Structures are given as C-alpha cells and as structure tokens.
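Quick note on our numbering: the sequence shown kicks off at 5 and runs consecutively.
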Amino acid sequence: LPLDQDDNQLLTKDGRHLRCHHHGALYDASSGQCVLGPCEGAGLKPLKIEIKNGAAWLLT
Numbered sequence: 005l006p007l008d009q010d011d012n013q014l015l016t017k018d019g020r021h022l023r024c025h026h027h028g029a030l031y032d033a034s035s036g037q038c039v040l041g042p043c044e045g046a047g048l049k050p051l052k053i054e055i056k057n058g059a060a061w062l063l064t
C-alpha cells in the first residue's frame, strides 16, 4: 500500500503533516487529525506497531 504522494514523501516539507497518497488530504502528524481534504474534522486511528530489523510490524 503506497503511503507517499509522488516523490517518496509521506510528510510535508516542514514535517508537520502526513499527506494521503490517494486523496491528498493532510493530517496533523502528532494527533492524526485531518486538517485539509475530504476528511476534514475526522482523524486517523492510532495503531500499535513494532520496528524490527528496519521494518514496521502491526501488532494485534
């Protein structure tokens, strides 16, 4: 699942927002709150992950 937009950039240049590859929506990187786009006012659901051998693993 590609998360970056076009240029391998998941975060905006200032590092404050995540950009959705599919809709171009912007999310606050610290809170997950959507600040611009079709989801404005909604938020991302936090998930627990573990970094192992340079890869992120979703914990269930």
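Just so you know, even glycine gets a beta-carbon here, dropped at the ideal spot from N, CA and C.
This structure is a prediction, so every number in the text was calculated from the model and none was measured.
- Taking Ala29 as the centre and dropping the five residues before and after it, the same chain places the C-beta of Cys38, Leu40, Gly41, Pro42 and Cys43 closer than 7 Å to its C-beta, in chain order.
- DSSP lists Gln37 as the beta-bridge partner residues of Gly47.
- DSSP, read as helix, strand or coil, puts Leu15 in strand.
- Inclusion of Leu48 and Tyr31 in the CB contact set at 9 Å is warranted, their separation being smaller than that value.
- Within the model, the alpha-carbon separation for Gly45 versus Cys24 is close to 15 Å.
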